[in-house]
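Chains as they are written, first to last, in the numbering used here: chain A, 1 to 155; chain B, 156 to 438; chain C, 439 to 784.
We put the beta carbon where it would ideally sit given N, CA and C, even for glycine.
Heads up: the structure comes next, in structure tokens.
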Ligand code: SF4
Ligand code: SF4
Ligand code: SF4
Ligand code: SF4
Ligand code: SF4
């Protein structure tokens, strides 16, 4: 929440070191403003991204995720992002099927020279996540669950 | 039902022959327990015991996984059509040697009781076999058997879907029977068992249960053959298969891919196409 | 001892009265999407109780929950501090004997008393139920237990159609039942006698020494055959009323950690894995052997009685229908061939 009591999402941003991380750098050094909601995790390649990292981010309380790598065809490792693309498409399908809103999951590509585009991507991602509100965790309890034992329910 | 009996007869005949001629050391199949009437996997190495083999509407287990225990032995295995897809995937993933196994494939599988996967099955004939039993089903017959059922979860809103799965996974005791029953889950160390990183917590809290199921389903992408063994194994009656089955549908719709159709196809996620869809990506 | 005899309506009234002072749990039929199961749950409504079916999961879930916080390294914390007592209604002999086994391990063994378990157990009263009929795979009588009566429960119900006989064995409870109509003891004994006769035919006869001879059976060659089809899941141990293996894990949040006592299962491949990477039970036959040997050799050696009460749940619920009775039969045969079995105690 910000001072106006508006929801400010926390977004886990996985950026590949060769393109998108450099794009974020460029945006910074060119003083392009973008929302401060992302927490950047630098990855060697989107191809290294285990989809588990994204599920785990939600497990631990991220309101949304952003994954950005090199444009298809420009991968530093030639085809890392092409493998990643399939993985993300499938992950996205499954997460939406399980009831995680599409707006929370943002996948895109940004090259090292696209500082401006990167700022736009972050803006869009934040906008998206704001639309669906705070993430309540897979248990819908908003990470407020107290420690306790498994209990037998009353029926 | 006559169909099951006929299939049983043929299985016994083939198994007996294979064992007598020493073509294989062992036949993996379904049998009946000694003290119960329940179907259970049995391993026959004496031809005289071949008549213990049966096939009926309760043969719900997927036997394919047992092949991994006999990698260097010559074995025969009774395979339902879905199991034959599992075997094809094992061959594709180079886990077993084709020359070591003899597949007794069931054609025109009449289906398994209470297994909802069978209502969605459009395979019905063994995709890979050395010997076949039963009668091959034609396309029309398969079509007729398919229950035209729309997926009820697909029609829900995201919030409803979340609620549905929360209600399911809440009951999960993390006994991991769904994992152990599934042919895909042959990993020496499952992600649930490591603690560096600790992907899921050990306690049965809903947040972690949900996470476990999402992560497992992610491993099913492009590998699940929709056999329903996971769902049948679950002691809590949880709709475990739903996520994996969704992955099957998506793989087919988006990538025109089906697991275990061919024994030398690449698995979905170990391959790519430059023109792959970017469905769900940002503009 | 006090014997009372009431009908269904009177029991209902009694139930409503008890409800004020007790949390009451009993077996109820639950729809679980893909399955319908009988399970122990807390209830408000007498009519929900399922008297006829053996519960698919055991009352262990109430007495020994799957995950329970037990404080952390810096402070002892009592987590179980409810005022109200709990009654578990309709517990059959097998489960009562099973709870006795748990008590042996967690309370009666002076070497280690589990405070959390004890605090909870002290608040729980078992109300036994004379078993109406054999379930499809149980074999408590083969192991020497009495399905129609167990002495470990302070209260015991004998249900005969719509009539309920209540045996109050503990003086503590006499005041609760005082005003109910008395039952005739001889008549009840007669009924019990009659019911026990319906249990005479067992499909399963067994003659093994208890405890099983540790060394001989450890080296026996039956385990591989027995465990060939086992998947290594946790079902047989999680649903077994006597299995009590647990693991301590720490779970942290906001810079604090809590120690949990969670169920574990000896059928999991990581159960006995050492930090070094070595795993003394690295194959499923070794794990299966441990499961059987713990129940029929190690437990009887260390405590009294058996580690298995013959409830048959592990048979019913196993996804590949692995049958513990087959293992016991094989054991019998193996020991016979070895020439006369000696028990592990001799
Ligand atoms: S996940 Fe798929 S392949 Fe695995 S058991 Fe379930 S239905 Fe079968
Ligand atoms: S869930 Fe995944 S990691 Fe675990 S055994 Fe299955 S495939 Fe392997
Ligand atoms: S089999 Fe069922 S209860 Fe066991 S881990 Fe899988 S979903 Fe959970
Ligand atoms: S429930 Fe059956 S398959 Fe699972 S560990 Fe026990 S014996 Fe093995
Ligand atoms: S081992 Fe099986 S039969 Fe024995 S008490 Fe446990 S669940 Fe019941």
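- Message: Between the segment 47 to 61 of chain A and the segment 361 to 380 of chain B, can you find at least three pairs of beta-carbon atoms closer than 8 Å?
- Response: Taking 8 Å as the limit for Cβ pairs, the verdict is that the segment 47 to 61 of chain A does touch the segment 361 to 380 of chain B.
- Task: Taking only beta-carbon positions, decide if residue 478/C is within less than 8 Å of chain A.
- Result: Answer yes: the Cβ-Cβ gap between residue 478/C and chain A drops below 8 Å somewhere.
- Query: Run through DSSP, which three-state label would residue 695/C get?
  - Reply: In the three-state reduction of the DSSP assignment, residue 695/C falls in the strand class, which pools E and B.
- Item | Sequence-distant residues of its chain with Cβ nearer than 6 Å to residue 365/B (five each side left out) | Only 324 meet the Cβ criterion.
- Query: Does the segment 529 to 540 of chain C come within contact of the segment 486 to 497 of chain C, defined as at least 3 CB pairs closer than 8 Å?
  - Reply: Counting Cβ pairs under 8 Å, three or more are found: they touch.
- Message: Rounded to whole angstroms, what is the Cα-Cα separation between residue 76/A and residue 756/C?
- Response: Approximately 50 Å, taken between the alpha carbons.
- What do you reckon, is the C-beta of residue 399/B under 7 Å from a heavy atom of ligand 1? Set against 7 Å, the gap from the CB of residue 399/B to the closest heavy atom of ligand 1 is smaller.
- Could you tell me how far apart the beta carbons of residue 16/A and residue 43/A are, in whole angstroms, since I believe they sit closer than 8 Å? Their Cβ separation, rounded to whole angstroms, is 6 Å, which keeps residue 16/A and residue 43/A in contact under 8 Å.
- State the beta-bridge partners of residue 64/A as determined by DSSP. Listed as beta-bridge partners of residue 64/A by DSSP are 11/A.
- Item | Rounded C-alpha distance that separates residue 339/B from residue 243/B | The alpha-carbon atoms of residue 339/B and residue 243/B are separated by roughly 12 Å.
- Query: If contact means a Cβ-Cβ distance below 7 Å, which residues of the segment 409 to 426 of chain B contact chain C?
  - Reply: Within the segment 409 to 426 of chain B, no residue qualifies.
- For residue 276/B, collect the residues of the same chain with a Cβ closer than 6 Å to its Cβ; drop the 5 residues on either side in sequence, then sort them by chain order. Closer than 6 Å at Cβ, skipping near neighbours: no residue.
- Assuming residue 644/C contacts residue 764/C under a Cβ cut-off of 8 Å, what Cβ separation, rounded to an integer in Å, is found between them? Contact between residue 644/C and residue 764/C does not hold, since the beta-carbon distance rounds to 11 Å and is not under 8 Å.
- Item | residue 394/B, DSSP secondary structure in three states | Reduced to three states, the DSSP call for residue 394/B is coil.
- Contacts around residue 331/B, its chain only, beta-carbon distance under 6 Å, and the 5 residues preceding and following it disregarded: Closer than 6 Å at the Cβ level, and outside the excluded window around residue 331/B, lies no residue.
- Taking 8 Å as the CB-CB cut-off, is residue 153/A touching chain C? It does; some Cβ of chain C falls within 8 Å.
- Could you confirm whether any beta carbon from chain C is found closer than 8 Å to the beta carbon of residue 194/B? Yes, because at least one Cβ of chain C sits closer than 8 Å to the Cβ of residue 194/B.
- Message: Is there a Cβ of chain A sitting closer than 8 Å to that of residue 322/B, yes or no?
- Response: No, its Cβ sits nowhere closer than 8 Å to a Cβ of chain A.
- Message: Among the candidates 175/B, 421/B, 395/B, whose CA atom is the shortest distance from the CA of residue 471/C?
- Response: Nearest C-alpha to residue 471/C: 395/B.
- Query: Considering residue 365/B, what are the terminal residues of the alpha helix (DSSP H) in which it resides?
  - Reply: Counting along the chain, the alpha helix (DSSP H) containing residue 365/B begins and ends at 361 to 375.
- Roughly how many angstroms separate the alpha carbons of residue 36/A and residue 488/C, rounded to a whole number? The C-alpha of residue 488/C is placed about 58 Å away from the C-alpha of residue 36/A.
- Query: Within the structure, which residues are defined as neighbours of ligand 2 by a Cβ-heavy atom distance below 5 Å, reported in chain order?
  - Reply: Residues close to ligand 2 by the beta carbon criterion (under 5 Å to any non-hydrogen atom) are, from first to last along the chain, 340/B, 342/B, 345/B, 346/B, 371/B, 374/B.
- Task: Entirely within the segment 539 to 602 of chain C and at least 3 residues each: give me those beta strand (DSSP E) ranges in chain order.
- Result: You should have 562 to 567, 593 to 598.
- Can you have a look at residue 47/A and say buried or exposed, based on whether 16 or more other CB atoms are within 10 angstroms of its CB? Residue 47/A should be labelled buried.
- Task: Decide yes or no for the touch test of the segment 124 to 138 of chain A against the segment 424 to 435 of chain B: beta carbon pairs closer than 8 Å, at least 3 of them.
- Result: Counting Cβ pairs under 8 Å, fewer than three are found: no touch.
- For residue 634/C, which residues from the same chain have a beta carbon less than 7 Å from its beta carbon, with the 5 sequence-adjacent residues on both sides left out? Here the set comprises 586.
- Item | residue 710/C: CB within 7 Å of a non-hydrogen atom of ligand 1 | Remark: the C-beta of residue 710/C is outside contact range of ligand 1, defined as less than 7 Å to any heavy atom.
- Query: Bridge partners of residue 194/B, per DSSP?
  - Reply: Per DSSP, 187/B.
- When every heavy atom of ligand 3 is checked, does at least one fall within less than 7 Å of the C-beta of residue 98/A? Residue 98/A has its CB no nearer than 7 Å to any heavy atom of ligand 3.
- Task: Taking the CB atoms as reference points, tell me whether residue 336/B and residue 378/B lie closer together than 8 Å.
- Result: Judged by beta-carbon spacing, residue 378/B lies beyond the 8 Å limit of residue 336/B, meaning their Cβ atoms are not closer than that value.
- State buried or exposed for residue 551/C, treating a residue as buried only when at least 16 other CB atoms are found within 10 Å of its CB. With fewer than 16 other CB atoms across the displayed protein chains lying within 10 angstroms of its CB, residue 551/C is exposed.
- Task: Within its chain, find whatever has a CB closer than 6 Å to the CB of residue 480/C; leave out the 5 residues flanking it on each side and keep chain order.
- Result: Around residue 480/C: 461, 463.
- Message: Between which two residues does the alpha helix (DSSP H) holding residue 440/C run?
- Response: Note, residue 440/C: premise wrong, no alpha helix (DSSP H); beta strand (DSSP E) at 440 to 445.
- At a Cβ threshold of 8 Å, is residue 149/A touching chain C? For residue 149/A, the answer is yes, since a Cβ of chain C falls inside 8 Å of its Cβ.
- Query: Residues in its own chain within less than 6 Å of residue 772/C by CB, not counting five upstream and five downstream?
  - Reply: For residue 772/C, where only same-chain residues beyond five positions count, the Cβ hits under 6 Å are 658, 660.
- Under three-state DSSP, which class holds residue 435/B? The answer is coil: DSSP assigns residue 435/B none of H, G, I, E or B.
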